[in-house]
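The next block holds one structure in the form of structure tokens; read it before the comments.
In this note's numbering, the protein residues as written are 100 to 377.
Written out as structure tokens, the structure reads:
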């Protein structure tokens, strides 16, 4: 067996072992059903962090219904929970039906077994882009609601049969809400927003990212009283309807590089205490 093939097989084995380690770590965080006691404390980043003292978004309220409740992922910093409630109330006042609220964070944050690379620090939330009228459904029925993509297969543009002015209005309403850091949507959705509203200031907060073709990802900045929280740079100036958006439609963007094999990112040391606190 040649050296190149042996090296390739070794890399595959190493990657498999790393993925197994990631899954095991995520399962440990997902197995904890309640938040840690004590005051709220955001530690690390949304992609590598945790939260102590998280609060739970109620399963339903004025303007929203949480979905996939059995996952136990509707926890976050009080500012995040309050933001979702305030936005749902504002959307309702603007004539929108109840919003489906997807994942926030786990009771103590941390990595998840499937679905997200972020959402670890209690300052992220997914809000589905479903503007259809909704009855108040029992929690069990909200487990099976499918997400419907608003983007054409291949990701070249929004689906004109599904994407409407009401979707634009809902995203715009969210992007103009106080306290928001950024709002992630599929690049095709951002492209359509640029086509309709190029130059408007709120577009700066709307950033393209892979997936996000059926929901918008809300992210808040690190709360001012959380020195252990690690945020990212604010969105660059401008509306984002430029070469940085065009890049998402190139072959390079459509084929992201394979995950690197090497040392795994290390959780902040303080998160170990959050995970085990009783």
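Where a beta carbon is used, it is the ideal one built from N, C-alpha and C, also for glycine.
Because the structure is a prediction, the values reported are computed rather than measured.
Query                                                                                                : Result
Contact between the segment 211 to 220 and the segment 131 to 148 (3+ Cβ pairs under 8 Å)            : yes
Whole beta strand (DSSP E) elements within the segment 162 to 189, 3-residue minimum                 : 163 to 165
Start and end residues, beta strand (DSSP E) containing residue 156                                  : No beta strand (DSSP E) holds residue 156; DSSP gives it neither H nor E.
At least 3 beta-carbon pairs within less than 8 Å: the segment 280 to 287 vs the segment 198 to 214  : no
Rounded straight-line distance, which links the Cα of residue 343 to that of residue 349             : 11 Å
7 Å CB neighbourhood of residue 215 in its chain, flanking five on each side removed                 : 202
Burial state of residue 364 (16 or more Cβ within 10 Å)                                              : exposed
Per DSSP, the bridge partner or partners of residue 215                                              : None; residue 215 has no bridge partner.
Option nearest residue 176 by Cα separation, candidates 226, 331, 153 and 352                        : 153
Residue burial classification, residue 231 (beta-carbon count within 10 angstroms, cutoff 16)        : exposed
Selection from 137, 234, 276 and 262 that minimises the alpha carbon distance to residue 197         : 234
Cutoff 7 Å; reference residue 297; Cβ partners in own chain excluding five residues on either side   : 338 and 340
Stretch pair the segment 307 to 317 + the segment 328 to 336: three plus CB contacts closer than 8 Å : no
Best match in 362, 251, 351 and 273 for proximity to residue 319 [C-alpha to C-alpha]                : 273
Sub-7 Å separation of residue 315 and residue 226 beta-carbons                                       : yes
Local Cβ density within 10 Å of residue 324, reported as buried at 16 or more and exposed below that : exposed
CB of residue 190 within 7 Å of CB of residue 162, strictly                                          : yes
Any 3 or more C-beta pairs closer than 8 Å across the segment 233 to 252 and the segment 180 to 188  : no
Where residue 274 sits in the DSSP three-state scheme                                                : helix
Cβ-based burial, residue 291 [other Cβ within 10 Å; buried from 16]                                  : buried
Beta-carbon spacing of residue 322, residue 347 below 7 Å                                            : no
Residues near residue 149 by beta carbon distance below 6 Å, same chain, minus five either side      : 142, 207, 208, 209, 370 and 373
Of the listed residues 167, 271, 139 and 211, nearest to residue 180 (C-alpha basis)                 : 139
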